[in-house]
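Positions 153 to 200 (our numbering) are the ones given, in order, by the sequence shown.
Working notes, beginning with the structure itself.
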Amino acid sequence: YVVSPNRVSTDPRKDVKYQWSSKQETTFQALKEKLTTAPVVAYPNFSQ
Numbered sequence: 153y154v155v156s157p158n159r160v161s162t163d164p165r166k167d168v169k170y171q172w173s174s175k176q177e178t179t180f181q182a183l184k185e186k187l188t189t190a191p192v193v194a195y196p197n198f199s200q
């Protein structure tokens with residue numbers, strides 16, 4: 153599972169004002185959730 157922070161990245165130029173929109177908020181919330189929740193760790197059951 154990969155969550156890309158590309159929509160949260162900023163423009164390195166100083167003269168550009170950063171706009172925080174719903175796309176950035178959604179990406180930030182997904183990234184925050186993935187970083188703060190524990191992954192499911194279990195042995196595989198190949199008989200299923």
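Note that CB positions come from ideal geometry on N, CA and C, so glycine has one too.
From the DSSP output, in three-state form, read off residue i for me.
i	result
Phe180	helix
Lys175	helix
Lys169	coil
Just the Cα atoms here: how many angstroms apart are residue i and residue j?
i	j	result
Thr189	Pro196	21 Å
Val192	Ser173	31 Å
Lys175	Asp167	22 Å
Arg165	Leu183	24 Å
Ser199	Lys186	29 Å
Thr179	Gln171	14 Å
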